[in-house]
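Under the numbering used here, the residue at position 40 of the sequence shown is numbered 40, and the numbers go up by one with no gaps. Even for Gly, the Cβ is constructed at its ideal location relative to N, Cα and C. Shown next, in structure tokens, is the structure this report addresses.
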Amino acid sequence: MEVVQDMGMTDLQFKSWLKQIIRGLESAKEKGTKEETDKELDELLKDLKEDLQG
Numbered sequence: 001m002e003v004v005q006d007m008g009m010t011d012l013q014f015k016s017w018l019k020q021i022i023r024g025l026e027s028a029k030e031k032g033t034k035e036e037t038d039k040e041l042d043e044l045l046k047d048l049k050e051d052l053q054g
């Protein structure tokens, strides 16, 4: 019987992924209007959801 395991992220990959999230949040924080901030956050959320789906 063969056992298939999902290979998770390495520490380096996880840190890189966290850096992307931080950059996205910092970028949203720097936007001038609420609408621009919301748009930036919506894009970040979309990307994160896509990452979860694989």
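Per DSSP, E30 lies in no alpha helix (DSSP H) segment and is marked neither H nor E.
Just so you know, the alpha carbons of L18 and L25 end up roughly 11 Å apart.
The residues T37, E40, L41, in chain order, have a CB closer than 6 Å to that of A28 in the same chain once the five nearest residues on each side in sequence are set aside.
Excluding residues up to 5 positions away in sequence, G24 lie with their Cβ nearer than 6 Å to the Cβ of L44 in the same chain. DSSP places T37 in the uninterrupted alpha helix (DSSP H) bounded by 34–53.
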